[in-house]
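A.B. asks: Next up is a structure, given as C-alpha cells.
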C-alpha cells in the first residue's frame with residue numbers, strides 16, 4: 002500500500018518494522034535494488050544481492066518478496082517454493098509472561114494442538130491428534146521458534162515461525178507473529194491465514210484467563 006511518497010507495507014511487512022530491523026524502509030531498499038539493476042523476476046538473485054547488507058535471511062527474503070510485489074512480478078503470498086502468510090497481534094502482556102505461556106503445556110495445546118506431555122525445545126519431533134506432524138528446528142529463548150509443519154495430506158513440510166517482540170513505550174506489550182511459508186496452494190494460504198488468526202485470538206483468551 003502506498004500513501005503519497007511512502008510505502009506503508011509490502012509482503013505483509015510494515016515500513017516501520019522493516020526500517021527498525023534493517024535500517025532502511027521500503028523506498029530505500031527498492032532504490033538500492035534498482036540501482037543494482039537486479040531482475041525483479043528472480044527471487045534468489047535479489048536475496049543474493051542483499052547478503053552483504055542484511056544479516057537475517059528472513060528479512061532478505063521479505064525484502065525480495067516486497068520488491069517483486071512492488072514491481073508486479075509476484076502474486077500476494079507467492080514465493081518460488083510455495084505460498085506464505087504472516088499474521089500478528091499485540092497483547093497487553095509483558096514478553097516474559099507471553100513466552101512462558103506459549104511454551105507451557107496449555108499454551109502448546111492452544112497453538113500446536115494436543116501433542117501429549119512433550120515440552121518445546123530444539124530438535125523434537127511432534128505429532129498432534131489432528132494428524133499434523135513436524136519437528137522443532139530452532140528454539141531461541143524469549144524470541145522465536147521455527148518448526149517444520151505438515152498436514153497429513155501434504156506432500157512435503159512447510160515452515161512455521163513464531164516470533165514474539167516486546168512493544169509499547171514501557172515494554173508492557175508483546176506482539177506475537179505467526180509466519181508460515183512453503184504452503185502448497187493459494188487455498189492452503191487462505192486456510193492457514195484463518196487458522197493462525199484463530200490461534201492468536203485463542204491465545205488472547207488464555208492470557209485473560211478465559
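In my numbering, the protein residues as written are 2 to 211.
Where is the CB? At the ideal position from N, CA and C, for every residue including glycine.
Just so we're clear, the structure is a prediction, and the values are computed from it rather than from any experiment.
Considering only C-alpha positions, which residue in the set 198, 68, 169 is nearest to residue 180?
C.D. replies: For the residues 198, 68, 169, the minimum Cα distance to residue 180 belongs to 198.
A.B. asks: Taking the alpha carbon of residue 183 as the point to measure from, which residue in 149, 34, 134 has its own alpha carbon closest?
C.D. replies: Out of 149, 34, 134, 149 has the C-alpha closest to the C-alpha of residue 183.
A.B. asks: What span of residues does the alpha helix (DSSP H) with residue 96 cover, start to end?
C.D. replies: First-last of the alpha helix (DSSP H) with residue 96: 96-103.
A.B. asks: Keeping to the same chain, check which residues put their C-beta closer than 7 Å to that of residue 60; ignore five residues upstream and five downstream.
C.D. replies: So the qualifying residues of the chain are 22, 23.
A.B. asks: By the DSSP assignment, the alpha helix (DSSP H) with residue 150 in it spans what residues?
C.D. replies: Element bounds for residue 150: not the alpha helix (DSSP H) but the beta strand (DSSP E), 145-152.
A.B. asks: Between the segment 125-143 and the segment 45-65, are three or more C-beta pairs nearer than 8 Å?
C.D. replies: They do not touch, by the three-pair rule.
A.B. asks: Return helix, strand or coil for residue 34, following the three-state DSSP convention.
C.D. replies: DSSP places residue 34 in helix when its eight states are reduced to three.
A.B. asks: So residue 93 packs on residue 200, CB below 8 Å; how close in whole Å?
C.D. replies: Going by Cβ atoms, the distance from residue 93 to residue 200 rounds to 18 Å, so no, they are not a contact pair.
A.B. asks: Can you look up residue 49 in the DSSP assignment and give me helix, strand or coil?
C.D. replies: Helix.
A.B. asks: Which of the three DSSP states is assigned to residue 113 in this structure?
C.D. replies: The answer is coil: DSSP assigns residue 113 none of H, G, I, E or B.
A.B. asks: How about residue 151 and residue 158: do their beta carbons lie closer than 8 Å?
C.D. replies: It is a contact, given that the beta carbons lie within the stated cut-off.
A.B. asks: Return helix, strand or coil for residue 174, following the three-state DSSP convention.
C.D. replies: Looking at residue 174 - three-state DSSP - the assignment turns out to be strand.
A.B. asks: Would you say residue 32 reaches chain C, if we count a Cβ-Cβ gap shorter than 8 Å as a contact?
C.D. replies: The structure shown has no chain C; it contains just one protein chain.
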